[in-house]
Amino acid sequence: MRHESIVIVGGGVAGPVLAALLARRGHPTMLVERRRTGETKCCGCCLAPRGVRLLHSLGMEAALQRADGAWTRRWTMRDPHGEVLLSQCLGAEPGMVVARDRFDQALRELARNSGARLVEGSGAVVARDGEVLLRSGAGEVVDRVRASWIIGADGVGSGVARSAGLGPTPRAETAGAAKRMRRLGFSWSLPEQVAAAIAVAPETIDIHLVQGGYLGLVQGARHLHAAALAPSGRPMSMIRQWGRRSGRLAPLSSGEEREAMASAHSTNMHATGPLPWRPRATVGAIAGVPVALVGDAAGYEQPFTGEGMTWALDSARLLARAIDLERDLHGALQRYDLDHRRHFAWRKRRLRALAAIGLWASESQGWRRSIRLAGRVPMLTGSLVRSVVAA
58 MRHESIVIVG GGVAGPVLAA LLARRGHPTM LVERRRTGET KCCGCCLAPR
108 GVRLLHSLGM EAALQRADGA WTRRWTMRDP HGEVLLSQCL GAEPGMVVAR
158 DRFDQALREL ARNSGARLVE GSGAVVARDG EVLLRSGAGE VVDRVRASWI
208 IGADGVGSGV ARSAGLGPTP RAETAGAAKR MRRLGFSWSL PEQVAAAIAV
258 APETIDIHLV QGGYLGLVQG ARHLHAAALA PSGRPMSMIR QWGRRSGRLA
308 PLSSGEEREA MASAHSTNMH ATGPLPWRPR ATVGAIAGVP VALVGDAAGY
358 EQPFTGEGMT WALDSARLLA RAIDLERDLH GALQRYDLDH RRHFAWRKRR
408 LRALAAIGLW ASESQGWRRS IRLAGRVPML TGSLVRSVVA A
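Anchor point for the sequence shown: position 75 equals 132 in our numbering, and the numbering is continuous, going up by one each time.
Here's what the structure looks like:
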């Protein structure tokens, strides 16, 4: 059995960034990611302006250059018929559309070049005794690792969180009101002809409120990326329903889109959830081995404002700083837990409020009228959009 100082499970955004930061500071670090080169994941592909700044401040801007991205400068909300409710500039600095297959791979290579040990194509399971079991695609254990510290960067529904007893309580997951509000997230790339028919404005994050959820569209350098939050486990039928109700989204119900989505369902469409994912805490232990959660694994609300990747960068930065400032693991865990709660508490409250308004407006004409009225005060709505979407 091999011994590693720090094992990070998950190679999306938070995991590789944290691995690079720790390796640069001389901490022996191992990064495990089940995806292989060229594989993507469920994501709306929008990196907020503050996230772009964070990567530059961390000296990781090279990952952006390889992300095959396009800029975003405006955030627009539309009603179920496709009419604009709000349209606001993101501010002086743009955000970025990043293709997650290229972006994540660039970050993982950056971690490896910084000195972290990278293991791709292997799933990781944390055993009750604190060992990390590396499994092949067939589920066979190919290696065992004993870590001094385990970090879960494995996203919504984190296996590391559940192994450490940090997942949501069963009651919270099955309670009536909470269960009714839970949604599934889906993302996919639209066929070229369908994308051309929808014609999303350049450099715009286009949010469509739809019955019981919402759909986000953004034009990247190669594809039109789509991400949806929906109460149904049957994404294709729900998306076709949205296309029939909204003239602007009518191409989604076309025969070409149905055929393309059906044939590529296992590779082009990705899902996550249920959302929101709210673990009990961000730190814990398994058989005496300290555990910390970063990125989506540490909590994720809804993709209404495209905050996920920026929050992942934030959490990686906070944990790396806690490890630098504290002499022992226990102190680092305490500092990170406190810093994480201080940094994200108000952001989560604001996002929950905005997402709730969006869901209500998807079903209520009254709420849509209220949003239109608020839009007549551009200074107010613009400040609100920039404080959440751009930040």
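Every residue gets a Cβ at the ideal spot worked out from N, C-alpha and C, and that includes glycine.
Simplified DSSP state of residue i, which is helix, strand or coil
i    : result
D263 : strand
R123 : coil
R93  : coil
P288 : coil
G341 : strand
G182 : Note that residue 182 is Val in the sequence shown, not Gly. Three-state DSSP puts V182 in a strand.
G300 : helix
A252 : helix
P137 : coil
R165 : helix
V445 : helix
L309 : helix
S62  : strand
S205 : strand
S171 : coil
M293 : helix
T438 : helix
R433 : coil
G222 : coil
G67  : coil
G116 : coil
H322 : Bear in mind that a pLDDT of 44 at H322, under 50, signals an unreliable position, so the model cannot answer this.
Element boundaries [beta strand (DSSP E), containing residue i]
i    : result
Y357 : Where Y357 is concerned, there is no enclosing beta strand (DSSP E), given that its DSSP letter is neither H nor E.
E420 : It is not in any beta strand (DSSP E) - E420 instead sits in the alpha helix (DSSP H) that spans 386 to 420.
W368 : Where W368 is concerned, there is no enclosing beta strand (DSSP E), although the alpha helix (DSSP H) it sits in stretches over 365 to 382.
M87  : 86 to 90
V213 : Neither: V213 is in no beta strand (DSSP E) and is coded neither H nor E.
V348 : 346 to 350
R174 : 174 to 177
Beta bridge counterpart(s) of residue i as assigned by DSSP
i    : result
H282 : S246, V275
M145 : Residue identity differs from the one stated: residue 145 is Gln in this sequence, not Met. DSSP, once it has assigned bridges, lists W132 as partnering Q145.
C103 : V154
T329 : G242
V109 : Answer by DSSP bridge pairing: none, since V109 is not bridged.
D200 : L191
G270 : V267
W334 : Y357
Residue nearest to residue i in terms of C-alpha spacing, selected from the options
i    : options                : result
L121 : R91, W132, D158        : D158
G172 : H84, V348, P106        : H84
E358 : A349, A210, W368       : W368
A278 : P137, S303, E118, W128 : W128
A168 : L112, E90, A258, A76   : A76
G126 : F160, T94, H113        : F160
V351 : G72, S62, V64, I63     : G72
G270 : A287, P259, A254       : A287
S62  : A377, A389, S205       : S205
R297 : R305, S310, S303, A285 : S310
G480 : G423, M87, M293, R374  : Since the first and last residues shown for the chain are 58 and 448, residue 480 lies out of range.
M87  : R131, P137, I207       : I207
L111 : L332, S294, V70        : V70
R5   : R378, G415, W424, G388 : One cannot answer for residue 5 here, as it falls past the ends of the chain, which runs 58 to 448.
K98  : L79, V346, M366, R392  : M366
A244 : H280, G222, P259       : This sequence places Ser at residue 244; Ala is not what is there. Answer by Cα proximity: H280.
V445 : R93, R131, E260        : R131
V74  : T94, A163, G187, A389  : A163
Supposed close pair residue i, residue j - CB separation, criterion 8 Å
i    : j    : result
A328 : F361 : About 17 Å; that fails the 8 Å criterion.
P106 : G152 : 5 Å
V202 : V189 : 4 Å
Q145 : T438 : 6 Å
V213 : W334 : 4 Å
G67  : G209 : 7 Å
E420 : Q268 : 6 Å
R240 : G330 : 6 Å
P137 : L272 : Not really, about 10 Å apart at Cβ, beyond 8 Å.
R91  : G196 : Not a contact, Cβ separation roughly 12 Å.
Proximity test, residue i beta-carbon vs the ligand MG heavy atom, cut-off 7 Å
i    : result
R130 : What this structure holds is no ligand at all, so the ligand MG is not there to describe.
Limits of the alpha helix (DSSP H) - the one that residue i falls within
i   : result
A80 : 71 to 81
Residue i at chain C interface by Cβ criterion, 8 Å
i    : result
D371 : Absence of chain C from the displayed structure is noted, only one protein chain being present.
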